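Have a look at the structure below, then the notes.
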Amino acid sequence: MGLELPKYPEMEEDQVFNFTDSEIVSHVKQALASVLSGDNNSYNQLVGVMHHSKHLAPDEVALLETTLKALAGAVSSIDITYHDSLLSAIFCMSMWNYGPHVADALAELIVSLAISNGKYLDLCLGMLVSNFTPPPYFLDKLKMPHGLERKGQVLSRVHAAFKKIADYVPLAPLRLLTIVLQGMPTIYHKDRAIVIYVENMLKLESGEIGELVGSTILMAVVDRLIELDVEIGWDAILQDDFSKGIFEMELEDVDDIEESAEPDVGEFRLSRKSLAGNSIAELLDNLLVLTFEHLESCEREGRLAKVFETLLQSFQVTVLSAYKSKFAQFVMFYACALDPENCGMRFATMLADLFVQDSQPQPTRMSAVSYLASYLSRAKFLAASSISSMLKRLVDWCLEYCEAHDGDINPNAHRVFYSGCQAIMYVLCFRMKVFVDVPRLKSELLIPLEQVLKHKLNPLKVCLPSVVEEFLRQAKAASLFTVCKTFIFDGLLESELSRAFGGLERLDTFFPFDPCLLKKCDSFIRPMFVFWSMVKPTHDDAFDDDDDDDGSSDDYLVQDFVNENEDIMNDEFGKSFDEQGVDMDDFDYALKKMSITPKATSNYKFGGRFQEPARMPSRIRPSTSPESL
Amino acid sequence: MEGLSVADANLVMYLHPSKSRNVSQSILRELGSLLFKFNETFDGVLLAYDVNILDKQAKILSGVHPYFGLRLKANLLLFSPKPDMLLEGKVVKLSQESIHVIVLGFSSAIITAENIRGEFKYRTKDKEELFASKSHKRHVIKVGTMIRFLVKSFDEEILHIIGSLISAHTGSIRWLDRHLEEDSEFDRSSMKSRDREWLGDKTVDEGATPMSYDNHIKMSKKRRITE
Numbered sequence: 001m002g003l004e005l006p007k008y009p010e011m012e013e014d015q016v017f018n019f020t021d022s023e024i025v026s027h028v029k030q031a032l033a034s035v036l037s038g039d040n041n042s043y044n045q046l047v048g049v050m051h052h053s054k055h056l057a058p059d060e061v062a063l064l065e066t067t068l069k070a071l072a073g074a075v076s077s078i079d080i081t082y083h084d085s086l087l088s089a090i091f092c093m094s095m096w097n098y099g100p101h102v103a104d105a106l107a108e109l110i111v112s113l114a115i116s117n118g119k120y121l122d123l124c125l126g127m128l129v130s131n132f133t134p135p136p137y138f139l140d141k142l143k144m145p146h147g148l149e150r151k152g153q154v155l156s157r158v159h160a161a162f163k164k165i166a167d168y169v170p171l172a173p174l175r176l177l178t179i180v181l182q183g184m185p186t187i188y189h190k191d192r193a194i195v196i197y198v199e200n201m202l203k204l205e206s207g208e209i210g211e212l213v214g215s216t217i218l219m220a221v222v223d224r225l226i227e228l229d230v231e232i233g234w235d236a237i238l239q240d241d242f243s244k245g246i247f248e249m250e251l252e253d254v255d256d257i258e259e260s261a262e263p264d265v266g267e268f269r270l271s272r273k274s275l276a277g278n279s280i281a282e283l284l285d286n287l288l289v290l291t292f293e294h295l296e297s298c299e300r301e302g303r304l305a306k307v308f309e310t311l312l313q314s315f316q317v318t319v320l321s322a323y324k325s326k327f328a329q330f331v332m333f334y335a336c337a338l339d340p341e342n343c344g345m346r347f348a349t350m351l352a353d354l355f356v357q358d359s360q361p362q363p364t365r366m367s368a369v370s371y372l373a374s375y376l377s378r379a380k381f382l383a384a385s386s387i388s389s390m391l392k393r394l395v396d397w398c399l400e401y402c403e404a405h406d407g408d409i410n411p412n413a414h415r416v417f418y419s420g421c422q423a424i425m426y427v428l429c430f431r432m433k434v435f436v437d438v439p440r441l442k443s444e445l446l447i448p449l450e451q452v453l454k455h456k457l458n459p460l461k462v463c464l465p466s467v468v469e470e471f472l473r474q475a476k477a478a479s480l481f482t483v484c485k486t487f488i489f490d491g492l493l494e495s496e497l498s499r500a501f502g503g504l505e506r507l508d509t510f511f512p513f514d515p516c517l518l519k520k521c522d523s524f525i526r527p528m529f530v531f532w533s534m535v536k537p538t539h540d541d542a543f544d545d546d547d548d549d550d551g552s553s554d555d556y557l558v559q560d561f562v563n564e565n566e567d568i569m570n571d572e573f574g575k576s577f578d579e580q581g582v583d584m585d586d587f588d589y590a591l592k593k594m595s596i597t598p599k600a601t602s603n604y605k606f607g608g609r610f611q612e613p614a615r616m617p618s619r620i621r622p623s624t625s626p627e628s629l
Numbered sequence: 001m002e003g004l005s006v007a008d009a010n011l012v013m014y015l016h017p018s019k020s021r022n023v024s025q026s027i028l029r030e031l032g033s034l035l036f037k038f039n040e041t042f043d044g045v046l047l048a049y050d051v052n053i054l055d056k057q058a059k060i061l062s063g064v065h066p067y068f069g070l071r072l073k074a075n076l077l078l079f080s081p082k083p084d085m086l087l088e089g090k091v092v093k094l095s096q097e098s099i100h101v102i103v104l105g106f107s108s109a110i111i112t113a114e115n116i117r118g119e120f121k122y123r124t125k126d127k128e129e130l131f132a133s134k135s136h137k138r139h140v141i142k143v144g145t146m147i148r149f150l151v152k153s154f155d156e157e158i159l160h161i162i163g164s165l166i167s168a169h170t171g172s173i174r175w176l177d178r179h180l181e182e183d184s185e186f187d188r189s190s191m192k193s194r195d196r197e198w199l200g201d202k203t204v205d206e207g208a209t210p211m212s213y214d215n216h217i218k219m220s221k222k223r224r225i226t227e
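Heads up: the protein sequence lines correspond to chains H and R, in order.
Quick note on full-length UniProt numbering: the first sequence kicks off at 1 and runs consecutively.
Quick note on full-length UniProt numbering: the second sequence kicks off at 1 and runs consecutively.
Structure representation (structure tokens):
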């Protein structure tokens, strides 16, 4: 259709197949050489074949394939100046437009070109990297089976080409790294190309040249996650009413609430609802899911420990220093969940190390301990021994600090100390049961803690009132110790003193591992996450579950992330989950049915003296609020 | 093999104040960032270094950021191939059009068909591609052979060498060395023995650290050229 076939010598239709490869190659070489003498005809025909890419008839496809193969054999005759139109035509070709045979031939040509001359290396690598993303018209087709097939076909060839080039040009991976990083789509690209681009980056990390480029690529991915994270404003998430405390019901499942007719619900701006339309949130969600899946495959291949080291470094450099990162830190959470003994402990230890190091800047130390507190409270996969050893470290540090500083209450001067105390109290709110039931822990941990809390520096007055209140309530109910002064907080979330120690950054209200508000992510995180309603506060004997036959209302986890260790708390909950096989539908139904006032019950006695199966506390109110600010 | 040299360098390195906590690590990191890149000042590619701090006191530059300058003394292993030098490398790919070679494990070289002397004919034997000499039956070049070739040009950015096998003193090293008696122009014994023996090892991994090259050189003194 308007395309002139290059005039191969004596070509008749039935003689096309009689030419040997070398004859075709030499013909192409001739065409290329003739340009130098001024005769451009056969050369222009060659270029024409390259440009013809849409709606190819079968014989045109065959011609393209033959031409590409011939060019691969003739790369030494290609000159960068004389044949620039041919070269630009080749570098503009997208493998996504063609079938497997042409894609093969094109990949072969690119590899030959790359290794033939240093001048072409960057251009060839650039061409391959641009094939990470399909042309715009193809993006919508990606979800369909045909699109997926084409995607697999193209990407496998692209990555195989990288390996081949690296075999012959050992320094190619270094240059590839630069090109990949420079080519990363920005988060403002409308066509969402970044998701498939990151998929390719992760594929590189796990591929054969992964050892050389892997760690830099991972760090670049985390950087991009933080960039997206930072774009989501806190105002998209913050609730209107600040008077709701942190330990009010958490936003565990909001899908149903949107349709619910409950009048109370409308008052509060539900964060997940407002995030629903947010396209940046959706993008971040998709990227986080990609990262989670990548971590899973690393774990299967046994590489997780090594990858984790890179993630740790990246966390310290990027995530920790970002101002109140919202969701990107869940990458660490998930990685720890996949390997609790090594990675899980490594993360906690790193955070604790940062906290106790005097040489670190204050905001870093305070951030680190906030991360640690939230992590220890929320990680369902952590053993009680790990949590207690971390807590002991914090308590010991605080005690040492108290003994070294003899001053009075002063939020500004002792910010790190107060954030440490708050962290301890926060973790104990979640994990109090564990320590109550083990006498040894009680003496080791709680006696020094009592000393810290009763010190002149008065952390109970300075730390966030809602945390202190909950902690004291639980401590009293568990008969751990009592404080002489009573603290009246009026259910306040924060106070002037807490604001003072929190500083401008408000690190007093930073709980980084609060329930993830990104929907897809959350489904990954949920099985290994401790929600506040799962915690049986020691003072809650006024809680009930709904009617026994409905039983399932309290338990909402579809799968229980089975923890192998003898963690008391987990065992108890494990039991109750088994007994009340839960179903998401039942839960939704129960949510609608929920009563407002709690019913009195005598089913559960504090201390577990009665071996009744543990019941989960029911929700008090249907209206929920995000747990943290 | 030509092109390798050890240089003594007096360097002054300027470090940002934030690096003052761990100076030795910063020095190593800075020098490390120069590895496997062509450096104009050194006129060569830095392969390995050994560095000593001359003076514990450093001068602080005045300015917005008070960088401080450290005086160092370093031994540098440099690679700077120039045209008409003889280099040695391992063949990794062979086709009728070209021979692809890797030199010192990191630098890629290509010898195109027009730069291969007529003596060598491309043949396929038992599905293996090779170049065999018409006049000397034993002189064969195939994938895995260590060959000696002449440098035509060197791309400093990509460290890519364009080579030639036109000269009579180029070809498979094993064959050439066995026929030394016939060759009087090039005095093999004058070449540094440690360089030759080092190249006889398997290609060094890409991931090798700089210091391991030095160790390699010391360790490999006893090894013979293998193919």
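We put the beta carbon where it would ideally sit given N, CA and C, even for glycine.
Every value quoted in this text rests on a predicted model; they were computed, and no experiment measured them.
I want to see whether chain H comes within less than 8 Å of residue i, judged by CB atoms only; does it?
i: ASP155 of chain R; result: yes
i: GLU97 of chain R; result: yes
i: PHE106 of chain R; result: yes
i: VAL45 of chain R; result: no
i: ILE110 of chain R; result: yes
i: ALA48 of chain R; result: no
i: ALA58 of chain R; result: no
i: ALA113 of chain R; result: yes
Along the chain, where does the alpha helix (DSSP H) that runs through residue i open and close?
i: ALA7 of chain R; result: Where ALA7 of chain R is concerned, there is no enclosing alpha helix (DSSP H), although the beta strand (DSSP E) it sits in stretches over 4-15.
i: ILE280 of chain H; result: 279-300
i: SER374 of chain H; result: 362-378
i: ALA166 of chain H; result: 145-168
For a cutoff of 8 Å on Cβ pairs, would you count residue i as touching chain R?
i: ASN117 of chain H; result: yes
i: SER321 of chain H; result: no
i: ASP396 of chain H; result: no
i: PRO361 of chain H; result: no
i: VAL169 of chain H; result: yes
i: LEU86 of chain H; result: no
Check this for me: beta carbons of residue i and residue j, under 8 Å apart or not?
i: LYS93 of chain R; j: TYR168 of chain H; result: yes
i: PRO448 of chain H; j: VAL395 of chain H; result: yes
i: LEU284 of chain H; j: LEU218 of chain H; result: no
Assuming residue i is part of the beta strand (DSSP E), what are its boundary residues?
i: THR112 of chain R; result: 107-112
i: ALA48 of chain R; result: 44-53
i: ALA132 of chain R; result: 128-133
i: TYR197 of chain H; result: That residue, TYR197 of chain H, is in no beta strand (DSSP E); its alpha helix (DSSP H) goes 193-206.
i: HIS100 of chain R; result: 98-103
Could you tell me if the beta carbon of residue i falls within a distance shorter than 7 Å of some heavy atom in the ligand MN?
i: HIS159 of chain H; result: The model depicted lacks the ligand MN and carries no ligand whatsoever.
Might you give, ordered along the chain, the residues of its own chain that have their beta carbon closer than 8 Å to the beta carbon of residue i, omitting 5 neighbours on each side?
i: ILE568 of chain H; result: Caution applies to ILE568 of chain H, whose pLDDT of 35 falls short of 50 and renders its modelled position unreliable; the value that the coordinates give is listed next. For ILE568 of chain H, where only same-chain residues beyond five positions count, the Cβ hits under 8 Å are ALA384, LYS433, VAL434, ASP437 and VAL438.
For residue i, which residues of its own chain have a beta-carbon under 6 Å away from its beta-carbon, when the five flanking residues on both sides are left out?
i: ALA113 of chain R; result: GLU97
i: SER26 of chain H; result: none
i: LEU86 of chain H; result: VAL47
i: VAL452 of chain H; result: CYS398, LEU399 and CYS402
i: PRO134 of chain H; result: TRP96
Spatial neighbours of residue i within its chain, please: CB distance less than 7 Å, with the 5 preceding and 5 following residues excluded, ordered by chain position.
i: LYS19 of chain R; result: SER26
i: ILE53 of chain R; result: LEU70 and LEU72
i: LEU151 of chain R; result: Correcting the residue type first, residue 151 of chain R is Val in the shown sequence and not Leu. Within the same chain, VAL151 of chain R has close Cβ partners PRO81, LYS82, PRO83, ASP84, MET85, LEU87, ILE161 and GLY163.
i: VAL129 of chain H; result: ILE179, VAL180 and GLY183
i: SER34 of chain H; result: SER42 and TYR43
i: GLU119 of chain R; result: SER133, LYS134 and SER135
Against chain R: residues of the region 55-82 of chain H by CB proximity under 7 Å: Hits within the stretch, in order: GLY73 and SER76.
- prompt: In chain order, what residues of the region 453-474 of chain H put their CB closer than 8 Å to some CB of chain R?
  reply: For the region 453-474 of chain H, which is checked against every Cβ of chain R, not one residue is closer than 8 Å.
- request: Taking only beta carbons into account, state which residues of the region 137-169 of chain R come closer than 8 Å to chain H, listed in chain order.
  value: Within the region 137-169 of chain R, ASP155, GLU157, ILE158, LEU159, HIS160 and ILE162 place their CB atoms closer than 8 Å to a CB of chain H, listed in sequence order.
field: Interface residues of the region 105-129 of chain H facing chain R [CB-CB below 9 Å]
entry: Interface annotation for the region 105-129 of chain H against chain R: SER112, ILE115, SER116, ASN117, GLY118, LYS119, LEU121 and ASP122, criterion Cβ-Cβ distance under 9 Å.
field: Members of the region 68-101 of chain R near chain H, C-beta cut-off 7 Å
entry: Answer in chain order: VAL92, LYS93, GLU97, SER98 and HIS100.
task: Please list the residues of the region 15-46 of chain R that have a C-beta atom closer than 7 Å to any C-beta atom in chain H, keeping them in chain order.
output: Listed in sequence order: PHE36.
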